[in-house]
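Numbering (full-length UniProt numbering), first residue to last: 1 to 195. Note that the Cβ used here is the ideal one computed from N, Cα and C, for glycine as well. In this text, all values refer to a predicted model and were calculated from it rather than measured experimentally.
Shown next, in the form of C-alpha cells:
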C-alpha cells in the first residue's frame, strides 16, 4: 500500500476556532502514484452499503460536505452565494489529472453506478450523491473513523501551498506517536496572569 511507503512527513497539530484539534499531514511517497491508480487509493464516492457497510456509515457521517448552496444558503462555507470549497463538484466516470492542479476524482452519477444517501438538512430530507463527498482514503477512514480529507498533490503549485499551510505559525503543538501508542504533547506555555 502506498500509504505505508513514506519517506518524509510533517504533522503539525493546531486547534481551529471551534476548539477541535486539527492536523495537516503531508507525506512524500517513495513511489509516484500514477493517474490510473488514484481511484484505488483516494475515493470521492459513497461506498455501496451492501458491500462495505462500515465504510458507508463512516463516509455518510464524516465525509459529506455541507450540503450548502441552494440546499443550505446559510452554511458557513457560503460567500457571495457560492461555496468557497467549490461544492457540489462535477460528476466524473474516472479521475482526471492535470499538470498544475489537484486531480478531479472519480465521482460517478447514480446512473453510472454511483450511490446516494438521504440526509436531513434544515428539517428537510434531501438526496446527496457523490458531488458532495470529500476525498478520503478508505484505509484511513476505517482505521480512525473520523473526517480525514486526503488529496493527491502532483504539482509544484499544490506542494508549495501545502508546505506553506502545514508550516504556518500560531496555535501549534508538536507531538509524536511511539510504537507503544503513547501520545506526547508539547503545548506552548501560557501566562494566565496576563490573559
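Contact between residue 115 and residue 48 holds, since their C-beta atoms are separated by about 6 angstroms, short of 8 angstroms. A direct Cα-Cα distance of roughly 14 angstroms separates residue 60 from residue 125. Distances from the CA of residue 132 to each of 119, 111, 112 were compared; the closest alpha carbon is that of 119.
Checking the DSSP bridge columns, you'll see residue 43 partnered with 136.
Secondary structure note for residue 119: its beta strand (DSSP E) is the uninterrupted segment 117 to 121. Here the stretch 84 to 93 lies against the stretch 66 to 74, with 3 or more beta-carbon pairs under 8 angstroms apart.
For the set 82, 98, 71, the Cα lying nearest the Cα of residue 153 is the one of 98. In this chain, the beta strand (DSSP E) harbouring residue 128 covers 124 to 128. Within the stretch 53 to 89, no complete beta strand (DSSP E) segment of 3 residues or longer occurs. Spatial neighbours of residue 71 in its own chain (CB-CB distance under 7 angstroms, excluding positions within 5 residues in sequence) are listed in chain order as 121, 126.
As computed with DSSP, residue 107 is found in a beta bridge with 92. Per the coordinates, the alpha-carbon of residue 144 lies some 17 angstroms from the alpha-carbon of residue 44. Secondary structure of residue 156 (DSSP, three-state): helix. Residue 142 and residue 62 have their C-alpha atoms some 12 angstroms from each other.
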